[in-house]
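Protein chains in written order, with my numbering: chain D, 1 to 316; chain F, 317 to 599.
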Amino acid sequence: MGGSPAGQPPAIVVDGLCKEYGKVRAVDGVSFQVRRGEIYALLGPNGAGKTSTVEILEGHRRRSGGSVRVLGFDPGAGDRRFRERVGIVLQSGGIDAELTVWEMVSLYAGLYARPRDVAQTIEQVGLTAKRRAKARTLSGGQVRRLDLALALIGDPEVLFLDEPTTGFDPSARRDAWDMIAGLRRSGTTVLLTSHYLDEVQRLADRVGVMSHGHLLEESTPDALGGRDVSGTVISFRLPEQLRASEIPAGPWDQPEDLAGEFTMHTDEPTRVLLALTQWAVGHGVELPGLTVVRPSLEDVYLRITGQAGVGAGDGH
Amino acid sequence: MATEVARRSRPPVVLALGQVRYQLVLLLRSPLGLFLSIVFPLLLLVCLKVITPARPVDGLPYAQWLTPAMCAFCLLNACYVTAIIGIVLAREEGILKRLRGTPLPAWTYLAGRSGSAFVTSVIASGVIIATGVAFFNVSMIWHALGYFAAAAFLGIVCFFLLGAAVTTVVAKSETALPIAFGTMLPLAFISGVFFAVSHPPAWLHDLASAFPVAPITRAMEDSFKPATQSWPMPVSGLLVVLGWSAAAVVVIALAFRWEPGPAPAARGLGRSRHWLRRWHHAP
Chain D
1 MGGSPAGQPP AIVVDGLCKE YGKVRAVDGV SFQVRRGEIY ALLGPNGAGK
51 TSTVEILEGH RRRSGGSVRV LGFDPGAGDR RFRERVGIVL QSGGIDAELT
101 VWEMVSLYAG LYARPRDVAQ TIEQVGLTAK RRAKARTLSG GQVRRLDLAL
151 ALIGDPEVLF LDEPTTGFDP SARRDAWDMI AGLRRSGTTV LLTSHYLDEV
201 QRLADRVGVM SHGHLLEEST PDALGGRDVS GTVISFRLPE QLRASEIPAG
251 PWDQPEDLAG EFTMHTDEPT RVLLALTQWA VGHGVELPGL TVVRPSLEDV
301 YLRITGQAGV GAGDGH
Chain F
317 MATEVARRSR PPVVLALGQV RYQLVLLLRS PLGLFLSIVF PLLLLVCLKV
367 ITPARPVDGL PYAQWLTPAM CAFCLLNACY VTAIIGIVLA REEGILKRLR
417 GTPLPAWTYL AGRSGSAFVT SVIASGVIIA TGVAFFNVSM IWHALGYFAA
467 AAFLGIVCFF LLGAAVTTVV AKSETALPIA FGTMLPLAFI SGVFFAVSHP
517 PAWLHDLASA FPVAPITRAM EDSFKPATQS WPMPVSGLLV VLGWSAAAVV
567 VIALAFRWEP GPAPAARGLG RSRHWLRRWH HAP
């Protein structure tokens, strides 16, 4: 967990944020806080309101309601002192094709009061070998690295990453993850959006799940949807020596024939397992095919966002 | 992350000069920009001089009229056309949005573009005049050169502001070039940029006089006549130029866009429709 020193105010405070396009609420009463030095992920399907939320925090978009503070500033006020202290990685675009990597990074370094070192920043994103190459000759992954370099060059305290690895091949994603994880060591606060579960699991200290403009749940990636304790599936096959009616800690879902698997969904896997295994050991038998499966992050995610779809649709 | 060190933003003037340099670098690397601003007017100067019969204009050799007229054409290309194409491209590619997320004040971007348009105009006009003097026996009218420079400066400012204002109604980069030339070329024709319009029909004269291209072109042309002894732009012409410039400033202040896509209201609506579809199709 990226804890923040006691007494330091949160880097980002969002309270009751709303964004309306015409009559549709793209963001509907979202509240969350991001501590200093924390990596916070907004996770959700396309159209969930993630980008609208982030762009309001970046100062690119005006909010319709609620309050927002980033480093104590209202991003909508367009204060230069605010922009000195944040870095933004856009979803796409914004690169001059005819400038070289070095020229782009130098150009942006010249806009900030206290920029980082150009050569060092290019090195950090792994573009040193390409520093003299024009942007139009870079691969997609290299352009995203340049994106990150441009966001980092002002030495930001808060970094916004909107879907930082969308469209990456697997190895480019690993590289990007390593770079973002490296920011944690430098104490940068990061707000990222993603619809990749593995990305969130790998990077984020905390995650907020968004769907249809609502923030549905907020937790650590491991505990999302009570995943760390609830909904565990235990299954086994009944040995010939034992009778189905004697299985403890039921009710179990019985198979059609006795050679099949008995299964149970439980929020108390420890208690159930203990009873089950004590019973088997007491009879001196092994339980064939005994498995204990935690629900995958994907299962939990689909469950959370699926429920929201029904609930939110009612109100429309 | 040393937050304790105060971040004192760079002076806007320094940032604006940096933007001028940035735009000049971009221009040097763009064949279209250089062609429009320098090569195109120079080609036209040579071609028109060669194919047009040696008929005097207002009692002076043809090239004496054509050279300042082609300088006016330079300004239209370097300021108006280049502003529209350059700003719309930068906007649609997300470059403006990225810059907007930095401490760069909004006006310094436009200052950078106008500064680069100024430098380009001066160089292009210099090349045109030098060519006229060297090859077409054009005489320098030294006592009116100040008038020429002042009229050209007004043109640079006015044409750039108009170009920046027009970008607010250009929806996408594909339409930038047609809109730029579609508005500029007809005006240039009726305003005496390509042909000396000696005795136009009254309605055409009135139409041309309502736009800033005619008074500026006329003043630049008159500044190359030996008989010109005073500021060659009538007050009415000056008011037209200043009026259009002021209107352009208002449009820029109210409607200049930093984000790609059509005007914000339309984009918000389009996005919400898209979003609505997803909503209804959600499980």
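C-beta: ideal position from N, C-alpha, C; glycine also.
When you compare the segment 408-428 of chain F with the segment 92-111 of chain D, are there three or more beta-carbon pairs, one atom per stretch, that lie closer than 8 Å?
yes
Look at the alpha carbon of A492 of chain F and the alpha carbon of A399 of chain F, and state the distance between them as a whole number of angstroms.
Residue mapping note: residue 492 of chain F aligns to position 176 of the second sequence, counting from 1. Residue mapping note: residue 399 of chain F aligns to position 83 of the second sequence, counting from 1. Their Cα atoms are separated by approximately 10 Å.
For a quick check, are the C-beta atoms of T264 of chain F and A466 of chain F less than 8 Å apart?
Any question about residue 264 of chain F goes unanswered here, given that chain F covers just 317 to 599.
Suppose the cutoff is 7 Å on Cβ atoms and the five residues either side in sequence are ignored; what does the same chain contact list for M386 of chain F look like?
Position 70 of the second sequence holds residue 386 of chain F. Excluding sequence neighbours, M386 of chain F sits near P357, L360, L361, I444.
Simplified DSSP state of R593 of chain F, which is helix, strand or coil:
Taking the second sequence and counting its residues from 1, one reaches residue 593 of chain F at position 277. Its pLDDT being 40, under 50, R593 of chain F is placed unreliably in this model, and the value from its coordinates should be taken loosely. DSSP, reduced to helix, strand and coil, places R593 of chain F within a helical segment of the structure shown.
Rounded to the nearest angstrom, what separates L324 of chain D and T165 of chain D at their Cα positions?
In the structure as shown, chain D starts at 1 and stops at 316, and residue 324 of chain D therefore has no counterpart that could be examined.
Quick check on this structure: which residue in D:A275, D:T270, D:L224, D:Q142 has the alpha carbon closest to the alpha carbon of E246 of chain D?
Taking the first sequence and counting its residues from 1, the one referred to as residue 246 of chain D is at position 246. That would be D:A275, whose Cα lies nearest to the Cα of E246 of chain D.
Considering only the alpha carbon of each residue, which of D:E240, D:L150, D:P239, D:V27 lies closest to S67 of chain D?
For the purposes of this step, residue 67 of chain D is taken as the residue at position 67 of the first sequence. Checked all of D:E240, D:L150, D:P239, D:V27; the closest Cα to S67 of chain D is D:V27.
Closer than 7 Å to a non-hydrogen atom of the ligand FMN - does that hold for the CB of F540 of chain F?
The model on display carries no ligand, and the ligand FMN is accordingly not part of it.
Paired residues, beta bridge with I88 of chain D - DSSP
Here residue 88 of chain D refers to the residue found at position 88 when the first sequence is read from its first residue. In DSSP, I88 of chain D forms a bridge with D:F160.
L570 of chain F burial status per 10 Å Cβ neighbour count (16 or more: buried)
Your numbering for residue 570 of chain F matches position 254 in the second sequence. L570 of chain F should be labelled exposed.
If we cut at 8 Å on Cβ distances, does R145 of chain D have a partner in chain F?
What you label residue 145 of chain D is simply residue 145 of the first sequence in a count that begins at 1. Not one chain F Cβ lies under 8 Å of R145 of chain D.
Short Cβ contact (8 Å threshold) for D162 of chain D with T51 of chain D:
Against the first sequence, residue 162 of chain D aligns to sequence position 162. Against the first sequence, residue 51 of chain D aligns to sequence position 51. Going by C-beta atoms, D162 of chain D is nearer than 8 Å to T51 of chain D.
Helix, strand or coil: how does DSSP classify Q33 of chain D here?
Looking up residue 33 of chain D in the first sequence gives position 33. Of the three classes helix, strand and coil, the one that applies to Q33 of chain D here is strand, per DSSP.
Are there 16 or more other CB atoms within 10 angstroms of the CB of H60 of chain D, so buried, or fewer, so exposed?
What you label residue 60 of chain D is simply residue 60 of the first sequence in a count that begins at 1. Buried, by the Cβ-count rule.
For the segment 502-582 of chain F, list the alpha helix (DSSP H) runs that are entirely contained and at least 4 residues long, ordered along the chain.
518-525, 529-538, 551-571
The segment 323-350 of chain F: positions lying closer than 8 Å to chain D by Cβ
R323, R324, S325, R326, L331, G334, Y338, V341, L342, R345, S346
Measure the Cβ-Cβ separation of S31 of chain D and L159 of chain D and say whether it is below 8 Å.
Against the first sequence, residue 31 of chain D aligns to sequence position 31. Against the first sequence, residue 159 of chain D aligns to sequence position 159. No; because the gap between Cβ atoms is not below 8 Å, this pair is not in contact.
At least one CB of chain F closer than 8 Å to the CB of D28 of chain D: is that the case?
Taking the first residue of the first sequence as position 1, residue 28 of chain D is located at position 28. The beta carbon of D28 of chain D sits no closer than 8 Å to any beta carbon of chain F.
Sort F:M549, F:A379, F:V454, F:W423 by Cα distance to W574 of chain F and report the nearest one.
Along the second sequence, one-based indexing puts residue 574 of chain F at 258. For the residues F:M549, F:A379, F:V454, F:W423, the minimum Cα distance to W574 of chain F belongs to F:W423.
Nearest-angstrom Cβ-Cβ length linking I56 of chain D and L90 of chain D, presumed shorter than 8 Å
Start at 1 with the first residue of the first sequence, and residue 56 of chain D comes out as number 56. Start at 1 with the first residue of the first sequence, and residue 90 of chain D comes out as number 90. The pair is not a contact, with the Cβ atoms about 14 Å apart (cut-off 8 Å).
Taking only the alpha-carbon atoms, compute the straight-line gap between F82 of chain D and D522 of chain F and give it to the nearest angstrom.
Translated into positions along the first sequence, residue 82 of chain D becomes position 82. Translated into positions along the second sequence, residue 522 of chain F becomes position 206. Taking the straight line from one Cα to the other gives about 51 Å.
Buried or exposed (CB count within 10 angstroms, at least 16 for buried), C390 of chain F:
Residue 390 of chain F sits at position 74 when you count from the first residue of the second sequence. Looking at its Cβ environment, which holds 16 or more other Cβ atoms inside 10 Å, C390 of chain F is buried.
So what does DSSP say about R25 of chain D, is it helix, strand or coil?
Counted from its first residue, the first sequence places residue 25 of chain D at position 25. Strand.
Could you tell me which of F:M549, F:F540, F:W560 sits nearest to A379 of chain F, measuring between CA atoms?
Indexing the second sequence from 1 puts residue 379 of chain F at position 63. A379 of chain F has its Cα closest to that of F:F540, out of F:M549, F:F540, F:W560.
Tell me which residues share the same chain as D538 of chain F and place their Cβ nearer than 6 Å to its Cβ, disregarding the 5 neighbours each side in the sequence.
In the second sequence, the residue the question calls residue 538 of chain F occupies position 222. Result list for D538 of chain F: T544, P548, in chain order.
Whole angstroms is fine: what's the gap from A370 of chain F's alpha carbon to A460 of chain F's?
Walking along the second sequence from the start, residue 370 of chain F turns up at place 54. Walking along the second sequence from the start, residue 460 of chain F turns up at place 144. So the two alpha carbons sit approximately 25 Å from each other.
Residue span of the beta strand (DSSP E) that contains T266 of chain D, given as start and end:
Translated into positions along the first sequence, residue 266 of chain D becomes position 266. Annotation: the continuous beta strand (DSSP E) that includes T266 of chain D extends over 261-266.
Whole-Å CB distance - A504 of chain F paired with V529 of chain F, under 8 Å assumed:
Residue mapping note: residue 504 of chain F aligns to position 188 of the second sequence, counting from 1. Residue mapping note: residue 529 of chain F aligns to position 213 of the second sequence, counting from 1. Their Cβ separation, rounded to whole angstroms, is 6 Å, which keeps A504 of chain F and V529 of chain F in contact under 8 Å.
In whole angstroms, what is the alpha-carbon distance linking I180 of chain D and L203 of chain D?
If you number the first sequence from 1, residue 180 of chain D lands on position 180. If you number the first sequence from 1, residue 203 of chain D lands on position 203. Distance between the alpha carbons of I180 of chain D and L203 of chain D is about 8 Å.
Using a C-beta cutoff of 8 Å, does Y40 of chain D count as contacting chain F?
Within the first sequence, residue 40 of chain D is the residue found at index 40, counting from 1. Y40 of chain D does not count as touching chain F.
Which residue comes first and which comes last in the alpha helix (DSSP H) that contains F475 of chain F?
Here residue 475 of chain F is taken as the residue at index 159 of the second sequence, counted from 1. Note, F475 of chain F: alpha helix (DSSP H), 461-482.
Please list, in chain order, the chain F residues whose beta carbon lies closer than 8 Å to that of H265 of chain D.
On the first sequence, residue 265 of chain D is found 265 positions in, with the first residue counted as 1. Within chain F, no residue comes near H265 of chain D; the closest Cβ sits about 21 Å away, beyond 8 Å.
Contact set for Y112 of chain D: own chain, Cβ-Cβ below 8 Å, skip 5 residues either direction:
Stepping through the first sequence from its first residue, residue 112 of chain D is reached at position 112. Taken in chain order, the residues that qualify are E84, I153, G154, D155.
Let me see if you follow: with CB-CB separation under 8 Å, is R202 of chain D close to chain F or not?
On the first sequence, residue 202 of chain D is found 202 positions in, with the first residue counted as 1. Interface criterion not met: the Cβ of R202 of chain D is under 8 Å from no Cβ in chain F.
Following the continuous alpha helix (DSSP H) through R416 of chain F, name the residue where it begins and the one where it ends.
As a working mapping, residue 416 of chain F is identified with position 100 in the second sequence. For R416 of chain F, the enclosing alpha helix (DSSP H) stretches over residues 411-416.
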